[in-house]
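Report on the structure given below.
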Amino acid sequence: MKQLNIEPAKPLSGSHFIRHTARAIVTRQQDILLLYTARYDDYTLPGGGVDEGEEIEVALERELLEETGAKSITHIKPFGIYEEFQRWHKPEFDNVHIISHCFEVEICGAFTAPQMESYEQANGMRPVWVNIQKAIAHNRDTLANSDKKGQSIQRELTILKTVATDIMGLSCD
């Protein structure tokens with residue numbers, strides 16, 4: 001998989017652990033399936049942490065089902081890796097080194113209702129199909145102007161711009 005970071009991830013001071021995640025890129029013409037989170041007013045790729053001993057593709061399918069209700073995932077194709085360091089909110093470590101494994105996937109069949117975790121529901125997270133250029137513009141605006149943006153918005157903006165150019169053949173200036 002290719003490296004999606006514009007610049008290498010820079011470690012933060014203090015202790016850290018590594019967290020692998022699986023993230024899905026699901027497109028339909030110029031639309032992409034994303035999660036809108038009201039708390040942070042941003043769009044993110046569906047996906048999340050890979051449990052210990054869990055295969056990454058299994059984690060990808062589990063996260064898609066939980067967050068979007070997608071029941072049948074096909075054609076899983078590696079796209080790229082994005083690495084970052086973020087502050088951690090639990091006492092065992094100061095930071096987390098997140099390695100996001102991004103995959104192009106296709107979804108066939110009907111969706112069921114998402115089964116999000118309680119914190120995701122509390123944050124107002126919901127799956128949406130959105131024009132990728134509108135999602136990029138929205139996240140750019142949130143990054144530049146919002147005081148409630150989440151830690152992941154730079155990652156999401158970078159990945160969305162790469163998806164728009166490399167998969168969809170769109171310009172993202």
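full-length UniProt numbering puts the sequence shown at residues 1 to 173.
Idealized CB from N, CA, C, for every residue including glycine.
Every value quoted in this text rests on a predicted model; they were computed, and no experiment measured them.
Under the three-state reduction of DSSP output, Ile153 falls in the helix class. Residue Arg126 holds the alpha-carbon nearest to the alpha-carbon of Asp41 among Val96, Gly14, Arg126.
At a Cβ-Cβ threshold of 8 Å, Phe103 and Ile76 count as neighbours. The three-state secondary structure of Val163, taken from DSSP, is helix. Going by C-alpha positions, Ala135 is about 14 Å away from Thr165.
A distance below 7 Å between beta-carbons, with the five flanking residues on each side excluded, links Ile6 to the following residues of its chain, in chain order: Thr158.
For Arg39, the secondary structure class from DSSP, reduced to helix, strand or coil, is coil.
For Asn139, same chain residues with a beta-carbon under 8 Å away, outside a window of 5 residues either side, are Asp42, Tyr43, Ile153, Glu156, Leu157, Leu160 in chain order.
Val50 is positioned such that its CB atom lies closer than 8 Å to that of Ala59. Non-local beta-carbon contacts of Val128 in its own chain, meaning distances under 7 Å to residues more than five positions away in sequence, involve Leu34, Tyr36 in chain order. Approximately 7 Å separates the beta-carbon atoms of Asp31 and Ile132; this is inside 8 Å, confirming the contact.
At the C-beta level, Ala137 and Phe111 stay beyond 8 Å of one another.
Residue range 132-145 is occupied by the alpha helix (DSSP H) that includes Ala135, with no beta strand (DSSP E) assigned at that position.
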